[in-house]
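To start, the structure itself, in structure tokens.
Residue numbers (my numbering): 8 to 404.
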């Protein structure tokens with residue numbers, strides 16, 4: 008058995024990401040039925056440490072995982088269980104293996120004196136007399152995890168105490184490695200890195216898969232997919248965003264420079280070999296993609312998108328604007344012509360996106376997109392669900 012410690016952020020994505028990562032590695036995720044957004048510590052069973060290492064190599068919302076040694080409601084009972092099960096520590100009792108003891112507390116802050124007292128008691132109890140102590144880089148890190156009821160309350164009571172050996176950490180570090188402050192090129196709506204990596208897990212981006220973002224922007228969603236090994240391609244209708252010209256989105260900076268571009272973002276993270284192309288195109292025009300003779304063959308393994316909602320970025324597609332008298336000029340005034348763009352209704356954006364998925368996704372492919380709703384008035388959500396159910400058999404199983 009293992010103890011999984013989840014991040015306390017983005018609770019609504021916890022179960023979906025866990026199941027998706029398990030599916031990616033063909034790991035049985037039946038234990039996910041017991042997962043809850045309210046409970047941040049979870050006991051799960053896996054065949055071996057290898058399964059857990061694979062999950063940790065992808066999961067953003069798992070902070071750490073531990074091999075469960077004992078669990079109790081009180082320290083008295085925990086110490087007794089450790090004493091009774093002392094034989095299981097024999098494999099760690101070697102001069103070649105160092106150890107350390109840590110304490111994690113969830114729901115209540117603990118003083119250094121309190122932690123040191125618990126560590127001293129455990130240090131004198133564990134049968135590891137041959138092991139050297141290494142507080143910096145120990146071979147085995149034994150950890151006490153305290154779980155409290157009513158997190159944040161001063162009078163919260165101790166609910167469970169877990170004792171385990173550290174297996175590893177999740178990928179929460181990626182949000183710092185790919186933070187937007189240090190990214191070469193960003194826009195007004197560039198996705199938060201942590202959310203983009205969660206989305207990459209939902210579509211199971213992996214080595215050998217091809218991922219499309221039809222509303223690419225500065226490539227924020229494609230970067231996370233490329234990090235996990237996917238070959239990525241995007242389309243963007245806004246010429247200035249696609250070519251990185253015009254005003255900068257950074258505070259205190261007026262204009263973009265020639266050093267800023269979507270390609271530069273991929274080069275910054277040394278994943279430019281996975282960036283196939285950025286095409287200036289209208290996402291509503293699906294005929295640009297050719298699937299061959301068999302329509303069910305598909306092109307892409309996944310589609311990832313953050314469509315324009317009309318708040319910070321307006322939805323636009325190629326079309327004729329409403330004509331006005333002052334717009335009528337002789338032909339020689341328009342030697343260089345660009346396609347006109349018209350409004351792109353929010354409802355059409357998402358139905359077109361689903362139609363695109365039907366057209367270009369391989370069987371079993373995944374579509375992940377952000378959808379804005381007022382929770383009190385989410386009738387559109389029901390319409391989208393109905394549409395998916397009617398068409399899903401064409402492109403998914």
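Every residue, glycine too, gets a C-beta built ideally from N, C-alpha and C. Bear in mind that the values here come from a model prediction, so they are computed numbers and not experimental data.
Three-state secondary structure (DSSP) of residue i
| i | result |
| --- | --- |
| residue 131 | helix |
| residue 214 | coil |
| residue 193 | coil |
| residue 284 | strand |
| residue 404 | Summary for residue 404: the model assigns pLDDT 33, below 50, so the residue's position carries little reliability, and this model does not support an answer. |
| residue 27 | helix |
| residue 185 | coil |
| residue 374 | strand |
| residue 169 | strand |
| residue 20 | helix |
| residue 294 | helix |
| residue 263 | coil |
| residue 308 | strand |
| residue 225 | coil |
| residue 201 | helix |
| residue 176 | strand |
| residue 238 | strand |
| residue 12 | strand |
| residue 316 | coil |
| residue 255 | coil |
Buried versus exposed call for residue i [16 or more other C-beta atoms within 10 Å across all chains shown]
| i | result |
| --- | --- |
| residue 280 | exposed |
| residue 284 | exposed |
| residue 220 | buried |
| residue 65 | buried |
| residue 321 | exposed |
| residue 404 | The predicted model places residue 404 with a pLDDT of 33, which falls under 50 and marks its position as unreliable; any figure quoted below should be read in that light. Exposed, since its Cβ has fewer than 16 Cβ neighbours within 10 Å. |
| residue 163 | exposed |
| residue 29 | buried |
| residue 402 | Confidence at residue 402 is low in this model, with a pLDDT of 42, below 50, so the placement of that residue should be treated as unreliable; the coordinate-derived value is given next. Result: buried. |
| residue 37 | exposed |
| residue 381 | exposed |
| residue 194 | buried |
| residue 314 | buried |
| residue 133 | buried |
| residue 258 | exposed |
Supposed contact pair residue j and residue i - C-beta distance, whole angstroms, cut 8 angstroms
| i | j | result |
| --- | --- | --- |
| residue 70 | residue 149 | Not quite, the Cβ-Cβ distance comes to about 17 angstroms (not below 8 angstroms), so this is no contact. |
| residue 214 | residue 241 | The pair is not a contact, with the Cβ atoms about 19 angstroms apart (cut-off 8 angstroms). |
| residue 309 | residue 373 | 5 angstroms |
| residue 198 | residue 175 | Incorrect: roughly 26 angstroms between the Cβ atoms, too far for contact. |
| residue 233 | residue 278 | 4 angstroms |
| residue 289 | residue 244 | 5 angstroms |
| residue 59 | residue 72 | 5 angstroms |
| residue 107 | residue 142 | 5 angstroms |
| residue 97 | residue 68 | Actually they do not touch by this definition, with Cβ atoms about 35 angstroms apart. |
| residue 217 | residue 276 | Contact doesn't hold; Cβ gap of about 19 angstroms is too wide. |
| residue 9 | residue 51 | 6 angstroms |
| residue 31 | residue 211 | 5 angstroms |
Terminal residues of the beta strand (DSSP E) in which residue i lies
| i | result |
| --- | --- |
| residue 278 | Segment: none, residue 278 is in no beta strand (DSSP E) and carries neither H nor E. |
| residue 323 | 323 to 325 |
Range of the contiguous alpha helix (DSSP H) that encloses residue i
| i | result |
| --- | --- |
| residue 362 | 353 to 367 |
| residue 244 | No alpha helix (DSSP H) contains residue 244, which DSSP labels as neither H nor E. |
Residue i at chain C interface by Cβ criterion, 8 angstroms
| i | result |
| --- | --- |
| residue 212 | No chain C appears in the structure shown, which is made up of a single protein chain. |
At which residue ranges does the stretch 40 to 86 contain complete beta strand (DSSP E) runs of 3 or more residues, listed in the order of the chain?
-> 48 to 51 and 69 to 79
Please go through the stretch 84 to 152 and give each complete alpha helix (DSSP H) segment of 4 or more residues, from N-terminal end onward.
-> 119 to 132
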